[in-house]
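Okay, structure first, notes after.
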Amino acid sequence: MGLNAVNCSCEEGELRFELREMGASFVGVVASNTLVGQLSIQGYKIEAVFEQIEIKLPGNPTLVSSEEELVNLAQKESGTYPYKVKDYFQRPSSSGFQLSPNGKYLSYREKDENNKRHVYVKEIETAKVTQIIEESTELIRGYGWINDDRLVYVMDQGGDENYHLYAVNVDGTNNIDLTPFDKVQAGILNVLREQKDYMIISMNLDNAQIFEPYKINIHTGEYEKLFTNNDPTNPVAGYDFDKDGTLRGYTKMYNGVQSQYFYKAEGDSDFQLFQTIDWSDTFSLMAFNYASSDRDEAYVLTNLDSDKQRIILYNFKTKTIVKEIYSNEDYDASIIGLSRNRNWEIDYLGYEGEKVVIEPISETFKKINNDLLNHFEGYEFSIAAKTEKEDRYLIIVQSDKLYGKYYTYDKATGAVTLLYDLMPQLKEEDMGVMRPISFTSRDGLTIHGYITLPAQSKVGQKAPLVVNPHGGPQGIRDSWGFNPEAQLFASRGYATLQVNFRISGGYGKSFFKAGFKQIGRKVMDDVEDGVKYVIEQGWVDESKIAIYGASHGGYATLMGLVKTPNLYCCGVDYVGVSNIFTFFESFPEYWKPYKDMVKEIWYDLDKEEERIIATEVSPVYQLDKITKPLFVVQGANDPRVKIGESDQIVSALREKGFAVPYMVKYDEGHGFAKEENSISFYECMLGFLSQYLK
């Protein structure tokens, strides 16, 4: 809360002021770096000493563009358009709809006039609505139901990613911080449906570099450590608990680049080493097979003897495959849905290719799927929530042109009812089309991606292009669906290209590993080959191409301006790496145990030949090759790509005489989460792009 001082005066060294909200007044004198005097509060007099302290902003604030400069940049956008930036990036008035397990309540987030998104609970039968969580200074990063009467939510401080878990009753009472620890990151491992007063969480409480599991009472915050990782150099990277909260297995990093799995079979007294594999291979437990009387059966995602990940039913005691469950020739299998209410039968299986593909398995889900197809054919729909009895569902419906609508679905009747349109101001007919594309890279790989073309594009008309490499880069991919950035660009007449370059996830092991030690090199070749492909299709104007991305995409922006300076008119670097050496040196503590793994993905700076490559693909050392305009954007509290990465590229380019606009938000981390900051950023970016793409 801010305090407003009134009747403030300073005469002959004596300072007087009144604090209206506190009903207090102060009279004192300045002595050196202190303010000494008497504080009066509602008749009580207290001797008070205020000491001067200096709060230092992260990074170098003198580099940051002034508010006036940024406003002027935003105003450079030319033209009149039916949609404003806020139409795409304002938070929905209501969002985050969820059902309580018993179906008695509907919870959701609702935005007030100050863009704060509070959490409300509506009792469905009576329509009574209660605000149970107030969002104040810090953002609520997420929330959900623990049981029928209590919810959990997550917050950090200004984007520092040291998440705290909070719990609150359905009527808003007993709102407590379950993890009130400084500089500790907490996360949820398991919500225990069979033990409704507890959940299992992870925290790096005893060692900043490693995470350990705790069983925590959701009413009191009392906790019990369930496993001790006594080998910080080989940290446990994942825990497998069953539905009863029993730890059955865990994955441990080994020698930096391998993964060991330890499992305790039924009847065994302790965990045994099950196998050792390369960290980049997959053998992960998706869910235990509770439909079987054999407690050692589980559904496993693996690619140990295949290129694409597939789902198998596996027996951990006998170390045998019971049954091959699901696979796809071209893409990694990744999706399984089980029915807890119907003895854990498989409802559906799937993968993500050009779009998400769901294949119904159970007769029950086939009916559900058919009911929904009758209403939503041509759209993607998925289950956002369901009751424990699985009789009522919340369905989220989306497409490349539809941000999202929530519907309720009654399994017994098949009735589908619109609950809420998240972005009614965006009309589907005005949105751009996102087309899946594929092309062959210069060294023979099949590369997939997407091109979003403006709705007003005519046959033969070539649009300016924004190339948008994704973050990560390892294991991440772009997907088909509504993309606010791409649609904003489309509204201004720009096409957007998204390339799932080598090392992206979902395309198999060989494709993933083909990107190792190729960041800034063949990864960029794939992006450039994608640009060449869309030019050849006649979709875009090759003389008007910009590159923009966040995180690794920000790095790719800088490298694009270095590697192919004549391809792009300009670039926007958003929380991007500029120097691989300082990026490695500034890892958060909990990344440091994985440094050897990151060396395999990026470069091993302990090897001279790779240090040379890392220097060549660190943009800050290639400034002479950057000749096109650049806009840099950073969250000051970013724990992953720290502000020094942006500071050094801005400083170095300005020393060369470049006028680099530089936006920093001091209440944000790795990407902007606050509505007003996002809108400000995109307004400035449109102003920047309009100078070079119009």
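Number 474 in this note's numbering belongs to position 474 of the sequence shown; there are no gaps in the numbering. By construction, the Cβ of each residue, glycine as well, lies at the ideal position given by its N, Cα and C atoms. None of these values were measured; they are calculated from a predicted model.
Limits of the unbroken alpha helix (DSSP H) element including Phe-512: That run of the alpha helix (DSSP H) goes 509-513.
Residue burial classification, Lys-45 (beta-carbon count within 10 angstroms, cutoff 16): Classification for Lys-45: exposed.
Status (buried if at least 16 other CB within 10 Å, exposed otherwise) for Tyr-314: Taking a 10 Å sphere around the C-beta of Tyr-314, we find 16 or more other C-beta atoms and assign the residue as buried.
Endpoints, the beta strand (DSSP E) within which Gly-187 is located: Per DSSP, the unbroken beta strand (DSSP E) holding Gly-187 starts and ends at 186-191.
Spatially closest choice to Ala-291 from Met-434, Ile-277, Glu-345, by CA coordinates: Nearest of Met-434, Ile-277, Glu-345 to Ala-291, Cα basis: Glu-345.
Asn-637 beta carbon less than 8 Å from that of Gly-159: Yes, they are a contact pair.
Range of the contiguous beta strand (DSSP E) that encloses Arg-141: Per DSSP, Arg-141 belongs to no beta strand (DSSP E) and is neither H nor E.
Ala-385, buried or exposed, once every other Cβ within 10 Å from all chains shown has been counted against 16: The Cβ neighbour count for Ala-385, taken over all protein chains shown within 10 Å, is at least 16; the residue is labelled buried.
Ranges of the beta strand (DSSP E) found wholly within the region 82-132, counting only runs of at least 3: DSSP assignment within the region 82-132 yields the following whole beta strand (DSSP E) runs of 3 residues or more, N-terminal first: 94-99, 105-111, 117-123.
Spatially closest choice to Ala-127 from Ile-140, Asn-114, Tyr-105, by CA coordinates: The shortest C-alpha to C-alpha distance from Ala-127 to any of Ile-140, Asn-114, Tyr-105 is the one to Tyr-105.
Beta carbon of Trp-279 nearer than 8 Å to that of Ser-259: In this structure, Ser-259 lies closer than 8 Å to Trp-279 by Cβ.
Touching by the beta-carbon criterion (3+ pairs, under 8 Å), the region 533-545 and the region 503-519: At 8 Å Cβ cutoff, the stretches do not touch.
Nearest neighbour of Lys-563, chosen from Asp-624, Trp-602, Met-199 [CA to CA]: Residue nearest to Lys-563 within the set Asp-624, Trp-602, Met-199 is Asp-624 (criterion: CA-CA distance).
Beta carbon of Gln-131 nearer than 8 Å to that of Gly-172: Cβ distance < 8 Å, so Gln-131 and Gly-172 count as in contact.
Sequence-distant residues of its chain with Cβ nearer than 8 Å to Leu-445 (five each side left out): Counting only residues of its own chain and dropping the five nearest sequence neighbours on each side, Leu-445 has a CB closer than 8 Å to the CB of Arg-502, Phe-511, Ala-514, Asp-526.
Residue closest to Leu-422, alpha-carbon to alpha-carbon, out of Ile-312, Met-286, Leu-165, Tyr-406: Measuring C-alpha to C-alpha distances from Leu-422 to each of Ile-312, Met-286, Leu-165, Tyr-406 identifies Tyr-406 as the nearest.
Asp-242 versus Thr-228: straight-line alpha-carbon distance, rounded: If you draw a straight line from the Cα of Asp-242 to the Cα of Thr-228, it comes to about 18 Å.
Whole-angstrom distance between Ser-93 and Ala-455, CA atom to CA atom: About 26 Å.
Secondary structure, alpha helix (DSSP H): runs of 4+ residues fully inside the region 542-604: If we require 4 residues or more, the alpha helix (DSSP H) runs fully inside the region 542-604 come out as 552-563, 580-585, 595-601.
Residue of Val-660, Ile-679, Lys-544, Ala-556 minimising C-alpha distance to Leu-488: For Leu-488, the closest C-alpha among the options Val-660, Ile-679, Lys-544, Ala-556 is that of Ile-679.
Val-322 versus Glu-297, His-552, Arg-340, Gly-471, residue with shortest Cα-Cα distance: When only C-alpha atoms are compared, the closest one is Glu-297.
Secondary structure, beta strand (DSSP E): runs of 3+ residues fully inside the region 648-687: Complete beta strand (DSSP E) runs here, min 3: 662-665.
Buried versus exposed, by CB contacts within 10 Å (16 or more), Pro-629: Per the 10 Å Cβ criterion, buried.
Status (buried if at least 16 other CB within 10 Å, exposed otherwise) for Tyr-682: With at least 16 other beta carbons inside 10 angstroms of its own, Tyr-682 counts as buried.
DSSP state of Leu-693 mapped onto helix, strand, coil: Looking at Leu-693 - three-state DSSP - the assignment turns out to be helix.
Span of the beta strand (DSSP E), counted from its first residue to its last, around Thr-408: It spans 405-410 - the beta strand (DSSP E) in which Thr-408 sits, taken as one unbroken run.
Local Cβ density within 10 Å of Cys-10, reported as buried at 16 or more and exposed below that: Taking all protein chains shown into account, Cys-10 has fewer than 16 neighbouring C-beta atoms within 10 Å of its C-beta and is therefore exposed.
C-beta atoms of Gly-414 and Asp-371 nearer than 8 Å: Taking 8 Å as the Cβ cut-off, Gly-414 and Asp-371 qualify as a contacting pair.
Spatial distance of Tyr-590 from Tyr-621 (CA atoms): When rounded, the distance between both Cα atoms is 28 Å.
Identity of the residue in Glu-429, Ala-412, Arg-477 nearest Ile-447 by Cα: Comparing Cα positions, the closest option is Arg-477.
Residue from Leu-453, Glu-18, Pro-424 whose Cα sits closest to the Cα of Arg-435: For the residues Leu-453, Glu-18, Pro-424, the minimum Cα distance to Arg-435 belongs to Leu-453.
Sequence-distant residues of its chain with Cβ nearer than 8 Å to Val-650 (five each side left out): The beta carbon of Val-650 is closer than 8 Å to those of Leu-63, Val-632, Val-660, Tyr-662 in its chain, skipping five residues each way along the sequence.
Run of the alpha helix (DSSP H) containing His-164, from where it starts to where it stops: His-164 -> not in any alpha helix (DSSP H); beta strand (DSSP E) instead, spanning 164-169.
Under the three-state DSSP convention, the category Glu-67 falls into: It is helical.
Per-residue DSSP class, three states only, for Lys-355: Annotated three-state conformation of Lys-355 is coil, per DSSP.
Exposure of Cys-8, with buried meaning 16 or more beta-carbon neighbours within 10 Å: Cys-8 is exposed by the Cβ-count criterion.
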